[in-house]
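Colleague:
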């Protein structure tokens, strides 16, 4: 087997294959939806546009890890997962069918988008990465329709409550449909029975943990759950790291049938990476140059988002000076800048940068055991190092 | 095999078995949820209470139909579904394991409750059958907590927006979890591969159709979709009949492996029954004695619900007299009574009663082909007749 090098060309081809799979799925669903009326078909075609416009980070990570583990295994140890044999041939991974791997990777993207949709419904968000999300698109269409009907072009910026309700319901129902589709793909994957069971276990664990994380996030935001640092860190890991990093890497481990200690090492690596990314995101939102990161400056402070930065600041003497304006939707740029300076001054910025450093170090420790025969094989280490390099770039 | 008679005792035992299965599932989930904090575990235990307080109509129907089809098949034709054999033994249904049947029936109830939860989030409902639903319960708890915190006992009836947000998010997330669990049970059912595939097809069809129906219902309510009679009837069938009647009966057909023409006959019977029940529900809400049906009098008129009754009235000359007050949340009892009289006067009541009669007749035609060797076997007819009798009682 030739050595897989994750150059741009290989990744572009892989992304194209995942896009093709997703495109075909959505085309089928949209065609079948016609039987239930034009609004239902339209909802499917909008969802297709939004999913296919994504970066497909998670499915790409899954397949890259799969390929790296296959390469590593053929170079060193054979596939040897206790209790699982792929049709009795221990030298082959339990899943070698490229179509199945690509379909499962596409399912990982559907799950991500289902979570995004329900997250947007819960947060009342209409925009993602500076463009209208699915709900925002439905709202704009519906508002334009009622303005035309009422012959009032551009009736203003306050959305009609009925149009908003219609749009949010669309996001909610499409999230349900894609959550169902994710399960259908996992359930029907052509895999040995025991391996399909492991994939279903992984899906169940991922969904439970991500939803538990979302519940804590909302509880923090609604003042139901106390925002202590441990809770905020746990929430960050559960809500994002679990499905973004751990799910793709563990799926690859299961599909290649590598030994379980290797799956555990990948899980640990995914956890450290995921938490580091999330904390780095919080740092960028709060302290970064908004012209570079492209988000609204001070949006986290304005929304009253309970981040690790804020949890640390709460424990310091400057908190009373921050608290009064924290979560004020009318926050001015001046107050925002003053609060940002206080968050640096009280040590919160330094503390969270230290947490990112800790997670990065923990990741490198997982990677460091190169002499250990049970360590992550070199090709898979390269995948993780690629992600670590992106993290370091964001830290710079 | 002894003849199954659906007396009260048999049904009570069956319901107890389904309750036990659901109870065990929720107990496991609640225990595992502790790892994610007390709020997550509490959400699971509340969901358990609400699900176990239900009537379990759908899972009971599924198992009763299963038993009736098994009895019918052993009395007359053998199990013979083209392309499917149960371990090569054509005289046995593809699923004879009672635990599997009960678990799948429990999954049908989880799906029902997931739909109810998301429906309640969409409609903003806090009450079901006169008692707080899951969202209402979470809201009450959360409001009491913040009143205690603010030392303002019983701070009034306007709910705190953050408490409401927290409560609705709980309903949404639990709906997601139970939708996932339904799929997990279908995906892991110990069935021959082809039969599990059929069950997954059925689940996919049911979810797509129910969600399409929900979207139309919301579109009617939000004024995005025109409330013509055909659309309203289609919506009623998709939103309710598909998962309440067709899903349990078709699942039973698949698990017993009866010929496909029999599954089609059961699907047709389920469709007619489901639509008749829904239309009868609309009649009862609008024209029934609210002291008997237990709902708020005129709630459908007050909410502006687009029923077949209203669609018919729209086509008559009295509509302008109804339209002005239709959907008025402040509707008085006097105006409500006047509108009800107009809906009778314009022929809408008679028309919808005629539709119920049509669906009942269509059901009896499916049952009537007793001499036909391909007809529904007597035991399964008795299950359908039991449901038809309940319908007739509601019509009386």
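Residue numbers (this note's numbering), protein chains in the order written: chain E, 1 to 396; chain A, 397 to 792.
For glycine and all other residues, C-beta sits at the position ideal for the given N, C-alpha and C.
Just so you know, these numbers come straight off a predicted model, no measurement behind them.
#1: Note down, in chain order, all residues in the segment 494 to 515 of chain A with a beta-carbon under 7 Å from any beta-carbon belonging to chain E.
#2: Compare the C-beta of residue 639 of chain A with all C-beta atoms of chain E and state if any pair is closer than 8 Å.
#3: Let's test the definition: count the other Cβ atoms within 10 Å of the Cβ of residue 458 of chain A and tell me whether it reaches 16, buried, or not, exposed.
#4: Sort out for me which residues DSSP pairs residue 132 of chain E with in a bridge.
#5: Run the CB neighbour count on residue 529 of chain A, radius 10 Å, all protein chains shown included, and call it buried at 16 or more, exposed below.
#6: Which same chain residues end up closer than 8 Å to residue 359 of chain E when comparing Cβ atoms and leaving out the 5 residues on each side of it in sequence?
#7: Go ahead and label residue 463 of chain A buried or exposed: buried means 16 or more other beta carbons lie within 10 angstroms of its beta carbon, across all protein chains shown.
#8: Just to confirm the assignment, what range does the alpha helix (DSSP H) spanning residue 282 of chain E have?
#9: Shorter than 8 Å from the beta carbon of residue 180 of chain E to some beta carbon of chain A?
#10: Is residue 415 of chain A closer than 8 Å to residue 515 of chain A when the C-beta atoms are compared?
#11: How would you call residue 96 of chain E, buried or exposed, if buried means at least 16 neighbouring beta carbons within 10 angstroms?
#12: State the Cα-Cα distance for the pair residue 127 of chain E and residue 501 of chain A, rounded to the nearest angstrom.
#13: With three or more C-beta pairs closer than 8 Å as the rule, is the segment 21 to 33 of chain E touching the segment 45 to 57 of chain E?
#14: So what's residue 37 of chain E in DSSP terms, helix, strand or just coil?
#15: Taking only runs of the alpha helix (DSSP H) that begin and end inside the segment 216 to 242 of chain E, which ones reach a length of at least 4 residues, in chain order?
#16: Near residue 237 of chain E, which residues of its chain fall below 7 Å by C-beta distance, leaving aside the five closest residues on each side in sequence?
#17: Under 9 Å between beta-carbons, which chain A residues line up against residue 37 of chain E? List them in chain order, please.
#18: Would you check if the segment 330 to 342 of chain E and the segment 298 to 308 of chain E touch, i.e. whether three or more CB-CB distances between them fall below 8 Å?
#19: Would residue 198 of chain E pass as an interface residue toward chain A - the criterion being a Cβ-Cβ separation below 8 Å?
#20: Could you check whether residue 727 of chain A and residue 683 of chain A sit closer than 8 Å to each other, using their CB atoms as the reference points?
#21: Which class does residue 374 of chain A belong to by DSSP, given the choice of helix, strand or coil?
#22: Would a C-beta distance cut-off of 8 Å place residue 345 of chain E and residue 318 of chain E closer than the cut-off?
#23: For residue 607 of chain A versus residue 177 of chain E, is the C-beta distance shorter than 8 Å?
#24: Tell me which residue opens and which closes the alpha helix (DSSP H) that residue 489 of chain A is part of.
#25: Looking only at its own chain, which residues have a Cβ that is under 6 Å from the Cβ of residue 638 of chain A, when we skip the five neighbours before and after it?
#26: Considering only residues of the same chain and omitting the five flanking positions on each side of residue 541 of chain A, which have a CB-CB separation below 7 Å?
#27: By alpha-carbon positions, which one of A:747, A:456, A:496 ends up nearest to residue 587 of chain A?
#28: Short of 6 Å in beta carbon distance, which residues of its chain neighbour residue 772 of chain A, apart from the five on each side in sequence? Order them along the chain.
#29: In three-state terms, what does DSSP make of residue 306 of chain E?
#30: So, residue 282 of chain E versus residue 307 of chain E, is the Cβ gap smaller than 8 Å?
#31: Would you report the Cα separation of residue 51 of chain E and residue 759 of chain A, rounded to the nearest angstrom?
#32: Within 8 Å (strictly less), CB to CB, does residue 724 of chain A reach chain E?
#33: Please go through the same chain and pick out, in chain order, the residues whose beta-carbon is closer than 7 Å to the beta-carbon of residue 721 of chain A, but skip the five residues on each side of it.
#34: Pick from E:365, E:114, E:347, E:64: whose alpha carbon is nearest that of residue 311 of chain E?
#35: Among the residues of its own chain, which have a CB less than 8 Å from the CB of residue 598 of chain A, if the five just before and after it don't count?
Modeller: Taking the definition as stated:
#1: 514
#2: no
#3: buried
#4: E:127
#5: buried
#6: 272, 273, 275, 276, 279
#7: buried
#8: 260 to 287
#9: yes
#10: no
#11: exposed
#12: 41 Å
#13: yes
#14: coil
#15: 229 to 236
#16: 271, 274, 275
#17: 608, 611, 612, 615, 621, 627, 630
#18: yes
#19: no
#20: no
#21: This structure gives no information on residue 374 of chain A, because the portion of chain A shown stretches from 397 to 792.
#22: yes
#23: yes
#24: Note, residue 489 of chain A: premise wrong, no alpha helix (DSSP H); not H, not E.
#25: 602, 605, 606
#26: none
#27: A:496
#28: 661
#29: coil
#30: yes
#31: 43 Å
#32: no
#33: 727, 731, 735
#34: E:347
#35: 643, 646, 647, 650
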